[in-house]
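Structure, as structure tokens:
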Amino acid sequence: MEYKTVTVEKKRFGIARIISLFIGIFTMLAAVLLFITIIGILPGLGLSFLSLPFFAVALGGARYECPNCGFNKNFVTTGKVNDSCRRCKQNIAVDWIQPHKKKRANVPH
Ligand SMILES: [Zn+2]
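First residue of the sequence shown? That's 2 in the working numbering, and the numbers climb one at a time after it.
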């Protein structure tokens with residue numbers, strides 16, 4: 002399948018990401034404590050999965066709209082250069098731009 006390109010803006014490191022990182026670490030610690038108790042292994046496993054989105058937010062990323070089907074809830078973490086659409090599995094090349102730069106209308110391809 003052919004690659005399509007989306008342009009996304011890099012996010013600055015904000016307070017929301019710091020809070021997410023703390024929640025992620027806290028949730029992961031709680032999961033580890035549950036693992037230690039043996040009977041808490043299953044809820045611990047659930048908790049560690051729960052903490053993953055917080056780490057993803059802390060890492061930063063961007064939402065983008067799929068150029069193929071228009072699905073706009075795709076999420077890509079910072080630095081990842083390729084992804085696929087969660088709905089149509091379109092392969093997508095991610096083009097990261099700095100936050101201060103504005104998207105220009107007439108960029109030659
Ligand atoms: Zn799509």
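Backbone N, C-alpha and C define an ideal beta-carbon position, used for all residues, glycine too.
Taking 8 Å as the upper bound for CB-CB distance, Leu35 and Ile42 are in contact here, some 7 Å apart.
Boundaries around Ile16 are those of the alpha helix (DSSP H), Ile16 to Ile37, since no beta strand (DSSP E) includes it. About 23 Å separates the beta carbon of Lys11 from that of Asn69, a gap too long to meet the 8 Å contact definition. The region 16-27 makes no contact with the region 87-95: fewer than 3 CB pairs, one atom from each, lie closer than 8 Å. DSSP places Gly71 in no beta strand (DSSP E); its state is neither H nor E. Residues Val95 of the same chain have their beta carbon placed closer than 6 Å to that of Val82, with the five preceding and five following residues left out of the count. Val58 and Arg18 do touch by the CB rule: their CB atoms are close to 6 Å apart, below 8 Å.
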